[in-house]
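J.:
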Amino acid sequence: TAQQSRLDGFFKPK
Amino acid sequence: MLESRLEQADLLKKVVEAISGLVNDCNFDCNDSGIALQAMDNSHVALVSMMLKAEAFSPYRCDRNIALGINLSSLTKVLRAAQSSDILTLKAEDAPDVVNLVFESSEKDRISEYDLKLMDIDQEHLGIPETEYAASISMPSNEFQRICKDLMNISESVSIECTKEGVKFAAAGDIGTGSVTLKQHSNVDKPEQSVEIDLSEPVALSFSLKYLVNFTKATSLASKVKLSLSNEVPLLVEYELSGGNSSYLRFYLAPKIGD
Chain A
1 TAQQSRLDGF FKPK
Chain B
1 MLESRLEQAD LLKKVVEAIS GLVNDCNFDC NDSGIALQAM DNSHVALVSM
51 MLKAEAFSPY RCDRNIALGI NLSSLTKVLR AAQSSDILTL KAEDAPDVVN
101 LVFESSEKDR ISEYDLKLMD IDQEHLGIPE TEYAASISMP SNEFQRICKD
151 LMNISESVSI ECTKEGVKFA AAGDIGTGSV TLKQHSNVDK PEQSVEIDLS
201 EPVALSFSLK YLVNFTKATS LASKVKLSLS NEVPLLVEYE LSGGNSSYLR
251 FYLAPKIGD
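The listed protein sequences derive, respectively, from chains A and B. The numbering used here applies: residue 1 is where the first sequence begins, and numbers increase by one. The numbering used here applies: residue 1 is where the second sequence begins, and numbers increase by one.
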């Protein structure tokens, strides 16, 4: 089944 | 200091209602361009980003950067005291312990005044890269809400597939499957009913419906919603706020990956 990804992998802290 | 006056308390009431299911505490960052907010949900799957431009207020004054750390359930309690059509004024000192909210009825001679205690919130800001999305879909916000709610009865996930034929929302669950397909069409008499699809390449992604349904709590803020997608990047769900001054409420949702 599909795994829920996290936003941390896409958006980095400024 | 901050002093900002909104013609309709309803706008802030609805924004707070729309985001309080995702976020408990967050900073309202005030500066001379307006009031901004960025916060992730606890599981780091969804992010809300709000911008209320100075032009959305009349008048608006904020001389320096002020972060108002607010517990949203406390703010909700205070905002319950505001009638939707009340004029709402937010005020804060430069290094504030409280934010002052004043609700004025234009019809009755009533002025309500509340001070809400602020909290220190150590919140990291995420850089959201400017993205050229492969597909963007502009559609009636109530239609999007309806589709998400209907498909949540079938499954916890929805696949969104956008091709030049249209956009297909599909769900598969224990009881069976369901899908809704929308084709591009323009309604000249009621432009808010139009569906516009801007596609540079086909996209297919899956998302959690629980989050999407949560985002659609913003439906009453705007007649249209814009979905922006690219393969393997977060979905952007955007509602325009208060007509034409580029104020917005945006939600980002991380996709489900691998099947």
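In this text, a Cβ means the ideal position worked out from N, Cα and C, and glycines have one as well.
At a cut of 8 Å, does the segment 238-254 of chain B reach the segment 184-199 of chain B through at least three beta carbon pairs?
T.: no
J.: On the three-state DSSP scale, how would you describe B/L22?
T.: Residue 22 of chain B sits at position 22 when you count from the first residue of the second sequence. Note: B/L22 maps to coil in three-state DSSP.
J.: Runs of 3 residues minimum, wholly inside the segment 198-238 of chain B: which ones carry the beta strand (DSSP E) assignment?
T.: 203-208 and 224-229
J.: From the DSSP secondary-structure annotation, give me the bridge partner or partners of B/Y252.
T.: Residue mapping note: residue 252 of chain B aligns to position 252 of the second sequence, counting from 1. Note: B/Y252 sits in a beta bridge opposite B/L47 and B/L236.
J.: Counting only Cβ pairs nearer than 7 Å, list the residues of chain E close to B/M40.
T.: No chain E is present in this structure, whose protein chains are A and B.
J.: Less than 7 Å between C-beta atoms, sequence neighbours within five positions excluded: which residues of the same chain meet that for B/Q184?
T.: Stepping through the second sequence from its first residue, residue 184 of chain B is reached at position 184. If we look at B/Q184 and ignore the five residues flanking it on each side, its Cβ neighbours are G166, V195, E196 and I197.
J.: Are the CB atoms of B/A54 and B/G34 nearer to each other than 9 Å?
T.: Reading the second sequence from its first residue, position 54 is the one you call residue 54 of chain B. Reading the second sequence from its first residue, position 34 is the one you call residue 34 of chain B. In contact: B/A54 and B/G34 (Cβ atoms closer than 9 Å).
J.: Give the DSSP bridge partners of B/P140, in chain order.
T.: Sequence index remark: in the second sequence, residue 140 of chain B carries index 140 (1-based). Looking at the DSSP assignment, B/P140 forms a beta bridge with B/K224.
J.: Could you check where the beta strand (DSSP E) with B/L72 kicks off and where it finishes?
T.: Mapped onto the second sequence, residue 72 of chain B falls at position 72. First-last for B/L72: L72 to L79, but that is the alpha helix (DSSP H), not the beta strand (DSSP E).
J.: Where does B/P96 fall in DSSP's three states?
T.: The residue given as residue 96 of chain B occupies position 96 in the second sequence. Coil at B/P96, not helix or strand.
J.: Given B/T76, which residues of its chain have a CB within under 8 Å of its CB, disregarding the five upstream and five downstream residues?
T.: For the purposes of this step, residue 76 of chain B is identified with residue 76 of the second sequence, where counting begins at 1. Excluding sequence neighbours, B/T76 sits near V16, E17 and S20.
J.: From B/R80 to B/A254, what distance separates their C-alpha atoms?
T.: Position 80 of the second sequence, counting from 1, holds the residue named residue 80 of chain B. Position 254 of the second sequence, counting from 1, holds the residue named residue 254 of chain B. Between B/R80 and B/A254, the C-alpha separation is close to 32 Å.
J.: Check B/E17 in the structure and name its three-state DSSP category.
T.: As a position in the second sequence, residue 17 of chain B is number 17, starting the count at 1. The three-state reading of DSSP puts B/E17 in helix, counting H, G and I together.
J.: Are there 16 or more other CB atoms within 10 angstroms of the CB of B/V99, so buried, or fewer, so exposed?
T.: Taking the second sequence and counting its residues from 1, one reaches residue 99 of chain B at position 99. When all chains shown are included, B/V99 counts as buried.
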